[in-house]
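Trainee: Sharing a structure with you now.
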Amino acid sequence: MAKIKKSYFCQNCGQQSPQWLGKCPSCSEWNTFVEEVVDKAAKPSFFKKDTGNNNRIAKPILIDEVADEKHSRIAFVDSELNRVLGGGLVHGSLVLFGGEPGIGKSTLMLQMALQNARARVLYVSGEESLKQIKMRADRVGAKSDNCYLLNETRLQNIFIQIQELKPHILIIDSIQTLQSDYLDSSPGSISQIRECTADLMKFAKETQTSVFIIGHITKDGTIAGPKVLEHMVDTVLQFEGDRNHIYRLLRTTKNRFGSTNELGIYEMQSGGLIPVDNPSDILITSSNEELSGVAISSTLEGVRPLLVEIQALVSTAAYGNPQRTTTGFDTKRLNMLLAVLEKRCGFKLAAKDVFLNITGGIKVNDPAVDLAVVCAVLSSNVDIPIPKGSSFAAEVGLSGEIRPVSQIDQRIYEAQKLGFEKIYISKYNKGIKPKDFDIEVVQVGKIEEVFRSLFAGN
Ligand code: TYD
Ligand code: MG
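As structure tokens, then:
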């Protein structure tokens, strides 16, 4: 049978097609198909001799008869990295580490290599010269006798070096620069990325070497590489944050060896990325002055409780249409909350500009910030500060009701731990006994009740 030498690939999702298509049937994007040369003839296994086509046929077996396998893990010095990986790096696992350029991916990987001197690490960079990496290593400060650097983009050459060095951990920076000899297409193309990742996966499983693959994602997500890879790899880590702020969030979006609810938090300093043990402490301004328009919300990022500060500014709109601008919060959600305040509670905000900011440059998707957002807006509108020591954790419904949120006790404990005196929660949160907590738990059912409680005395 003749082999397909050329094929068309969707640059957005990686869908393959023998002919050009205007619209991708998989992701519905237009004009994304690009012709790439696919030549899979005569390809031996990566560094072993070719095993040929041995027709071993797998037999079905009972689930109870499958031998239990305990994954042995490499525990890192960096507790945040251990946490997001589900308790350390599993031997032979393939981890995709994605993030926008300049966010700190190379820094985190190099730091990990240098801090864990017991593991032999090979850091393969196709992006930076060895001198540049050395300079970064000097900045990071950690030292290791077991960290090797390699400047190479040809996958087959990398395997030759690996055969000699036998590293415990391999870092590829980045997958977009790798090139396999068995394909004619240029580095960074979908077929190259897929081919190289498939080879690295096979290598990781056969040799039980753990592999980190760094992958770039642009702001609008146009480089398809990492998206195509997600289903191939064991674990996907995502590095997020605003480059202009110092905080970085490390999230797990897929993990075959642990939960995807974990979150790691780092601070980018001049000496590299420093894990943040108590994030709530730093995300809240510790000024003693009471300011209007500021509310603290007890949110959850995955399973990690986090107190965030919400700042709102409400002012009379100077020009025609009032502006609604947010950072770190969904503008549509803000508009919805403002409509609820207007319609259900009679606060006149339609002719006002509303600006909302979540401090620290982090993004929050947790619905439990709703109540704090509403209170920050109301506080700015009436220009009365929310009493110090108050925090909030509840969703706001379309009829102005305060709705319950998940894992409320964790949120209450976090506020209590940080010395808050009061937390407003929904009265519909079942099974909460305010007496069980040292902090005062105020259970409310409607926005008006909160408003009266916060501002009535003034
Ligand atoms: P880098 O790891 O090169 O990002 P990526 O590999 O994701 O593209 O990090 C780039 C940024 O990090 C760069 O703008 C400078 C900053 N940085 C620090 O602030 N402190 C440091 O110690 C280091 C090494 C980098
Ligand atoms: Mg980099």
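Note that the sequence shown covers residues 131 to 588 in our numbering. Idealized CB from N, CA, C, for every residue including glycine.
If you draw a straight line from the alpha carbon of W150 to that of D329, how long is it in whole angstroms?
Mentor: 27 Å
Trainee: With 16 other CB atoms within 10 Å as the buried threshold, where does E360 fall?
Mentor: By the beta-carbon neighbour count (other beta carbons within 10 angstroms, threshold 16), E360 is exposed.
Trainee: Go through its chain and collect everything with a Cβ distance to F585's Cβ below 7 Å, but skip five positions before and after it.
Mentor: V512 and I514
Trainee: Are the beta-carbon atoms belonging to P422 and S510 less than 7 Å from one another?
Mentor: The question names Pro, but residue 422 in the sequence shown is Ser. Result yes, Cβ atoms of S422 and S510 sit closer than 7 Å.
Trainee: Using alpha carbons as the reference points, say which of E159, E551 and R248 lies closest to S521.
Mentor: E551
Trainee: Between which two residues does the alpha helix (DSSP H) carrying C326 extend?
Mentor: I320 to T337
Trainee: Flag this pair as yes or no: are the beta carbons of S340 and H221 separated by less than 7 Å?
Mentor: yes
Trainee: In angstroms with no decimal places, state the Cα-to-Cα distance between R582 and F369.
Mentor: 41 Å
Trainee: Out of A498, F333, S255 and G345, which one is the CA nearest neighbour of I323?
Mentor: G345
Trainee: How many Å lie between T352 and G530 at the Cα?
Mentor: Only weak support is given to the placement of T352: the predicted model assigns it a pLDDT of 45, under 50, and the question is left unresolved by the model.
Trainee: At a cut of 8 Å, does the segment 268–280 reach the segment 233–253 through at least three beta carbon pairs?
Mentor: yes
Trainee: Cβ atoms of I555 and A506: under 7 Å apart, would you say?
Mentor: no
Trainee: Indicate, with yes or no, if the ligand TYD has a heavy atom lying under 6 Å from the CB of P231.
Mentor: yes
Trainee: Give the DSSP bridge partners of N385, in chain order.
Mentor: The partner list for N385 (beta bridge, DSSP) reads T365.
Trainee: What whole-angstrom Cβ distance do V167 and S310 have, given they're in contact under 8 Å?
Mentor: Not quite, the Cβ-Cβ distance comes to about 12 Å (not below 8 Å), so this is no contact.
Trainee: Counting C-beta neighbours from all protein chains within 10 Å, is the total for D180 16 or more, i.e. buried, or is it exposed?
Mentor: Low confidence applies here, because D180 scores a pLDDT of 48, under 50, leaving its location unreliable; read the following figure in that light. Result: exposed.
Trainee: Applying the 10 Å Cβ sphere with the 16-neighbour rule, what's the burial state of T383?
Mentor: exposed
Trainee: State yes or no: is the C-beta of S236 nearer than 6 Å to some heavy atom of the ligand MG?
Mentor: yes
Trainee: Helix, strand or coil for T390, going by three-state DSSP, please let me know.
Mentor: T390 sits in coil when the DSSP states are folded into three classes, being neither helix nor strand.
Trainee: Per DSSP, which one or two residues make a beta bridge with M466?
Mentor: In the DSSP output, where bridge partners are listed per residue, M466 has none listed.
Trainee: Between the segment 457–467 and the segment 484–503, do three or more beta carbon pairs fall short of 8 Å?
Mentor: yes
Trainee: Go through its chain and collect everything with a Cβ distance to N408's Cβ below 7 Å, but skip five positions before and after it.
Mentor: none
Trainee: Are the segment 568–578 and the segment 439–458 touching, with three or more C-beta to C-beta distances below 8 Å?
Mentor: With a cut-off of 8 Å, the segment 439–458 and the segment 568–578 do not count as touching, because too few Cβ pairs lie within range.
Trainee: Mind checking whether G212 and R250 have CB atoms under 7 Å apart?
Mentor: Checking the sequence, you will find Asn at residue 212 rather than Gly. The criterion of a C-beta distance shorter than 7 Å is not satisfied by N212 and R250.
Trainee: Which stretch, first to last residue, makes up the alpha helix (DSSP H) that contains A545?
Mentor: I538 to K547
Trainee: Keeping to the same chain, check which residues put their C-beta closer than 7 Å to that of G152; ignore five residues upstream and five downstream.
Mentor: W160 and N161
Trainee: Is it right to say E199 is buried, meaning 16 or more other beta carbons lie within 10 angstroms of its own, or is it exposed?
Mentor: exposed
Trainee: So I302 is in the beta strand (DSSP E); what residue range does that whole segment cover?
Mentor: I299 to D303
Trainee: Please check the pair L508 and F477, which I expect to be a contact at CB under 8 Å, by giving their CB distance rounded to whole angstroms.
Mentor: About 7 Å separates the beta carbon of L508 from that of F477, a gap short enough to meet the 8 Å contact definition.
Trainee: Of the choices I299, E282 and S156, whose alpha-carbon is the least far from that of G218?
Mentor: I299
Trainee: Expressed to the nearest angstrom, what Euclidean distance is found between the alpha-carbon atoms of D364 and I204?
Mentor: 16 Å
Trainee: Who are the Cβ neighbours of N385 in its own chain at under 7 Å, not counting the five residues just before and after it?
Mentor: Cβ within range, chain order: G216 and T365.
Trainee: Please go through the same chain and pick out, in chain order, the residues whose beta-carbon is closer than 8 Å to the beta-carbon of L280, but skip the five residues on each side of it.
Mentor: L252, Y253, V254, S255, I288 and Q291
Trainee: What span of residues does the beta strand (DSSP E) with A425 cover, start to end?
Mentor: V424 to E431
Trainee: So within the segment 433–495, which uninterrupted beta strand (DSSP E) runs reach at least 3 residues, ignoring any that extend past its ends?
Mentor: 434–446, 454–457 and 482–488
Trainee: Tell me the rounded alpha-carbon separation between E294 and S389.
Mentor: If you take the alpha carbons of E294 and S389, they lie about 35 Å apart.
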